[in-house]
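Data first, discussion second: the structure below is written as structure tokens.
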Amino acid sequence: MTKAKEKELVLVVDSNLGRATSLHNACVESGCRTVVARDLPTALLMISQHVFGAAVFSSRIGEEGDGWSLAAVFRLVFPKAYVAMIDRERSVTSLQAAINHGADELFDNNDAPVQVARSVVSAISQKSNETVQ
Amino acid sequence: MSIPNPKLLIVDDEPSVALTLKMIFQREGYEVATAASCAEALRIIDDRAAFDAVITDLNMEREDIGLEVVKAAQQMAPKPVVVVCTGYANLQNSAKALQMKIDYLATKPVDLEQLIGAMSVMLRRRDDGASRATAS
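Pasting the structure below:
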């Protein structure tokens, strides 16, 4: 897998510890630095304290956490960053939510973390190439 | 709304839908042009008309042809806000719309209040982005 050109910071938000850890590991192995949050308040704090090149959000964070709204907030703060959403399944409704909340790509729970990380790295590399040009 | 009279292109082959959207957005202060087919929309876009936003149906001359309007609109400079408005969203065309990075997907029957609100936010964001690009 190509290493991310710059060590871009990636925000991973998922209340599922196993999946958050897998996503973190896959991103780190791909050459990214990551910040992991498992709830909304921490995620919002991280957004206010760091500059992110990409983010991976679960659509449901905890019992009531809305990952879609978090994605929209992230998009407002970092308009050029890459945003991947993970939803239970790929449906018209989830695709519509992804579009309307500013996500770049939608994955479902069955997609491997390494696949998500690959997309993150590819998007970051593409963006840094665009910046160089 | 930061742009005083945003220019909007509405593309829909159902006259009642096009007229309803036109009246609603005109009332909101938009300057509205309409096209009744993908071909007509492409002609308007080719004539180098400038639009701040484009709302297009998907199924007109054929299924999903609205994505051609999306493609043409996204090549305009400056790029307008692009909204797809359809009663026939499915996994394939929705995935394609996400991949093409459209700004908003509305399903018919359209929640007009929500669409107007979303359009206003998207136009403000687009305007902010353009201002930042000019300043830097």
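Chain order of the listed sequences is A and B.
Okay, so the first sequence: first residue is 1 according to the numbering used here, each after it adds one.
Okay, so the second sequence: first residue is 1 according to the numbering used here, each after it adds one.
A virtual CB, placed ideally from N, CA and C, is assigned to each residue, including glycine.
In the same chain as A/K80, and ignoring 5 residues on each side of it, the C-beta atoms closer than 8 Å to its own belong to K127, in chain order. Straight-line spacing of the CA atoms in A/F52 and B/L91 works out to 30 Å.
Distance from the CA atom of B/V121 to the CA atom of B/A53, rounded to whole angstroms, is 12 Å. With 16 or more other Cβ atoms inside 10 Å of its own Cβ, A/H101 counts as buried. The criterion of a C-beta distance shorter than 7 Å is not satisfied by B/P78 and B/F51. Below 8 Å, too few C-beta pairs join the stretch 18-30 of chain B and the stretch 106-125 of chain A to call them touching: fewer than three. Chain-order list of chain B residues neighbouring A/L106: L98, by C-beta distance under 7 Å. For B/L105, at least one C-beta of chain A is nearer than 7 Å to its own C-beta.
For B/A95, the nearest beta carbon of chain A is closer than 7 Å to its own beta carbon. Membership of B/K22 in the alpha helix (DSSP H) is indicated by the continuous run 15-27. Here B/A35 is buried: its Cβ has 16 or more other Cβ atoms, across all protein chains shown, within 10 Å.
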